[in-house]
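Just so we're aligned, residue 31 is where the sequence shown starts under the numbering used here, counting upward by one. Don't be surprised by glycine CBs; every beta carbon is placed ideally from N, CA and C. Right, one structure below, let's go through it.
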Amino acid sequence: MSAGQSILAIATGAILCGMEGYKAISGWAQDLGPKERERFVCRRRNGVRQVPSCTTFRETLIRVDPDCLDRALQGWNAQFAEEDEGLAIDEEGR
Numbered sequence: 031m032s033a034g035q036s037i038l039a040i041a042t043g044a045i046l047c048g049m050e051g052y053k054a055i056s057g058w059a060q061d062l063g064p065k066e067r068e069r070f071v072c073r074r075r076n077g078v079r080q081v082p083s084c085t086t087f088r089e090t091l092i093r094v095d096p097d098c099l100d101r102a103l104q105g106w107n108a109q110f111a112e113e114d115e116g117l118a119i120d121e122e123g124r
């Protein structure tokens, strides 16, 4: 998974949990535990998985074409939905 894909995955999880805006998405990401950071394939620095900064979320998300993202998500769903392993992203699932 590339850094951009990780950013989109984390942002999607945050939005599904009710976060709105770059700061809220970034705050949600900062609260991810080590297991979630590994699952989202966050970059490893000095042996620790690091989530992107608020600025990185903003710079990445403003470049996303909403129609392309929608088509990509529909394609992923059609291909993997039945066999994909679930990931709890809400507070209760942690």
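For R93, DSSP assigns no beta-bridge partner whatsoever. For F110, the number of other beta carbons within 10 angstroms of its own is below 16, and it is reported as exposed.
Across the structure, T90 and G34 are spaced so that their CA atoms are roughly 7 Å apart.
Judged by beta-carbon spacing, V81 lies beyond the 9 Å limit of R93, meaning their Cβ atoms are not closer than that value. Ranking C72, N76 and G77 by CA distance to the CA of S83 puts C72 first.
In this structure F70 touches S36 by the C-beta definition: roughly 5 Å separates them, less than 8 Å.
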